[in-house]
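Shown next, in structure tokens, is the structure this report addresses.
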Amino acid sequence: MTASSLTPRVQHIATGVEQSFGFLFPVSTPAELHVWIDDAVRTDFTATLTPAGGGSVAFAANPPAPGQRVTIARILGLGGGAQFSEGGVLRAEALNAEFERLTRLIQQVDEKAARAVRLSPEADFKGVPAFTIAPGAR
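Residues 143 to 280 in the numbering used here are what the sequence shown spells out, letter by letter.
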């Protein structure tokens, strides 16, 4: 499966038995992972990454209770792209790494857009007030 076909977000419903929750999307470092239990951010997890991509997060001390929603997402910062200088050496490895980073950023935007409230293409959106759905309101 190519990286471009994976959504960088997955949700599980806890059963109260498991302490580890998997994901299939590629992650470069554990710092890219963000985890929520229901609507609460959790930082007390241990991430295990696999060389082929994906991995799992585990909660040793305080695992989710039965029925709680576990959300795992890869969230990248927008800065820090590669710098290519004019007339400099252009290595395939550097280009591939930058294309992979850009692909992951596009996946991130695509995933957010898929969860957004949308107007139909022909809608007149001038003067439509902005609104926000409060956390926990579903």
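Ideal placement from N, C-alpha and C gives every residue a C-beta, glycine not left out. No experiment lies behind these values; they were computed from the predicted model shown.
Cα-Cα separation between residue i and residue j, rounded to whole angstroms
i: Phe167; j: Gln161; result: 19 Å
i: Glu253; j: Ala200; result: 24 Å
i: Gly229; j: Leu220; result: 26 Å
i: Arg184; j: Ala236; result: 33 Å
i: Ala258; j: Pro206; result: 27 Å
i: Asp186; j: Glu264; result: 46 Å
i: Ile214; j: Ser198; result: 9 Å
i: Gln225; j: Arg151; result: 29 Å
i: Gly158; j: Ala194; result: 28 Å
i: Pro208; j: Pro277; result: 21 Å
i: Ser262; j: Val231; result: 47 Å
Bridge partners - residue i, DSSP secondary structure assignment
i: Ile214; result: Val152 and Val177
i: Arg184; result: Val177
i: Phe165; result: Gly197
Nearest neighbour of residue i, chosen from the options [CA to CA]
i: Thr171; options: Gly196, Asn238 and Leu232; result: Gly196
The ligand COA heavy atom lying under 7 Å from the CB of residue i
i: Ala189; result: As presented, the structure is devoid of all ligands, the ligand COA included, so that no description of it is given.
Helix, strand or coil at residue i according to DSSP, with G and I counted as helix
i: Thr245; result: helix
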